[in-house]
Every structure is written in structure tokens, then in C-alpha cells.
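Inspection log for the structure reproduced underneath, given as C-alpha cells.
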Amino acid sequence: MEPQARRILVINGKGGCGKTTIATNLAVAYAAKGMEVALVDNDPQASSTYWGEQRASDLPPVHVVRAHERSNMYQTQTYHNRVAPETERIIVDGHSSARDRDLEDLLKQADVILVPLLPSSIDIRAGGLFIANLLTHRAFRSAPRPVGVIANRVQPNTDTHAKLMHFLGCLDVPAVATFRDSPIYSDAIEVGQGIVDMRDCRAARKETVAWRALVDWIEDQPPSICNTSQSLRQRPKAAGRHRSNKNSASA
Ligand SMILES: Nc1ncnc2c1ncn2[C@@H]1O[C@H](COP(=O)(O)OP(=O)(O)OP(=O)(O)O)[C@@H](O)[C@H]1O
Ligand SMILES: [Mg+2]
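For what it's worth, my numbering labels the leading residue of the sequence shown as 215, then goes sequentially.
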């Protein structure tokens, strides 16, 4: 029987908070475990696609799906039929301007949702609003799934770090990882790598612990009871639907 692919959505309505950084690094952390991983690039800026193009062929493979390419405006962002059947984990790099139907499509296809947050006041405020909207979104309320907040670009023992930790303590969702503000992240993106690939770098080895802990948290979450990618893939097409019908279009 085909294994189920758990789908992990990385999203926040605030730009530049580290969605692509988290998505690419998480994909690498899973690939390093020997798992079949697809990285779905949902962002028209195509940053994850660029990252995948830089990735050397001798590194654990991450299969990038260019979900941002749509042939018409009515195509949805459904990606389940674009990943290989043997895929075990699907990481979705969401984009900050996903609203309405786009956001609903992304939420419906997620088993676990990760929200990166930067420590600045502006990011904390915007992140808080995004999380509130997420938890009250009808696509979430109809099938609640685990949500974890990630403190990103943290400089330990600073006032901004303390402010962020206080804010995270007041949220209804758990803080599941903290990643440091470090140039190794931009270095890794440049060469299509993740922190877990950079075994010769001392700073990366230290940070690897946090990535493994994040993977463990995700794996500890109960499997989603609805909308698994397997059940979506096996669902027969509804009779009488045509691609010309705007409601039936899919990516
Ligand atoms: N932990 C980190 N330490 C240092 N730099 C980081 C870290 N996380 C992200 N960055 C840097 O911050 C910038 C924005 O990160 P990234 O592109 O991942 O954000 P994003 O949320 O995907 O942005 P967008 O909304 O534009 O898609 C990049 O230059 C990235 O290298
Ligand atoms: Mg991005």
C-alpha cells in the first residue's frame, strides 16, 4: 500500500519572516533521514524553486513542485496529484499574500501548520493577527489541525527575544522551535542546502539540534483524520466535471 504523505504547511501573512528558510531546511531535515520529500513552492517569487535549482545532486534529494505556476487564474493550488506516489512528507512553502480561496486551499491540504515569527514588534503584531485569523478560518474550524509557532531569527538573551517569548507564552498555540539569527541560513539558501547538510560547519551543527527537535514535534502529532493526500489521490473524479468549468480546475 502506498505510504501516506504528511503535509506540513509553512505560512504567515507577514513577508520575510522565514517561510522559505523554514520550508527548505525542514525538507532537508527529512531528506537527511532518508525520507522521500517534496517541497511545494507556492510563492510566485519562486524562492524554493531557485533553492532547489542550486541543490547539488549528491545531497539527499528534495523534489521541488512548482505549484506557483498556474495556467489560468481559476486553477487552484491543489498539489496532491503532482507529487510522486512514494512521497512521505510534503513541505509547503506558503506565500504571504495567500487570501480567500488560495488560503482556504492551502489550509485544507495541511496536516500540520507551522507559523514562523520574527521578534520585532511589527512582526509580533502581524503574526498575532495572522494566527487569530487562522484559528477562526472556516477551513481550520471545520477540521482543526496542529499549529506550531516558530521563533525565527532569535538573538538569545536580548530584550526582543524576551518580548517574543512573552508573546508566545500568551498564545493559544504552542511555540515549537526557536532558530537563531545566523548568516549560516542565507549561506545555506545560496547553495541549495539546509543546516542539516552543513556538517563541516560548527554553527550549523549546533543549530541542527533545533531542527531535529522540530521534526520530532511534527512526527509526534496525531495523523490528520481527513483529507490525507492518499485519500485525495485515490478519490475518483466527479462525473461530468470539465476543466473548462472554473470550479473544477486544479494545479
Ligand atoms: N534564522 C535566520 N537567520 C538569519 N537570516 C535568516 C533566518 N531566517 C531567514 N533569514 C533571512 O531572512 C530573509 C527572509 O527569509 P525568507 O525568504 O525565508 O522569508 P519568507 O517568509 O519566505 O519571505 P517572503 O514572504 O518574501 O516569501 C532571507 O534573506 C533569509 O536568508
Ligand atoms: Mg518565501
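Where is the CB? At the ideal position from N, CA and C, for every residue including glycine.
Beta-carbon separation of A237 and L253 under 8 Å? yes
Consider the C-beta atom of I222 and the heavy atoms of ligand 1; say whether any pair is separated by less than 7 Å. No, Cβ of I222 sits at least 7 Å from all heavy atoms of ligand 1.
Cα-Cα, which of V224, N256, N239, T301 is closest to E250? T301
Can you name the start and end residues of the beta strand (DSSP E) that T392 belongs to? 389-394
Within 7 Å: the Cβ of S261 and any heavy atom of ligand 2? yes
With contact counted as at least three CB pairs below 8 Å, one residue from each stretch, are the stretch 311-330 and the stretch 345-353 in contact? Contact between the stretch 311-330 and the stretch 345-353 is present: 3 or more CB-CB pairs across the two stretches fall below 8 Å.
Restricting to Cα atoms, I'd like to know which of A246, D337, D430, D307 is closest to R367. D337
If I measure Cβ to Cβ from S445 and keep anything under 6 Å in the same chain, skipping five residues before and after, which residues do I get? Caution applies to S445, whose pLDDT of 37 falls short of 50 and renders its modelled position unreliable; the model cannot decide the point.
Inter-stretch contact at 8 Å, needing at least 3 Cβ pairs: the stretch 381-397 / the stretch 418-428: yes
Consult DSSP for D272 and reduce its assignment to one of helix, strand or coil. coil
If you drop the 5 nearest sequence neighbours on each side, which residues of the same chain put their C-beta closer than 8 Å to that of K233? Non-local beta-carbon contacts of K233 in its own chain, meaning distances under 8 Å to residues more than five positions away in sequence, involve V224, I225, N226, D257, D307, G308, H309, S310, P330 in chain order.
Please list, in chain order, all residues of the same chain as H277 whose beta carbon is under 6 Å from its beta carbon, the five residues on each side excluded. Same-chain partners within the cutoff: A252.
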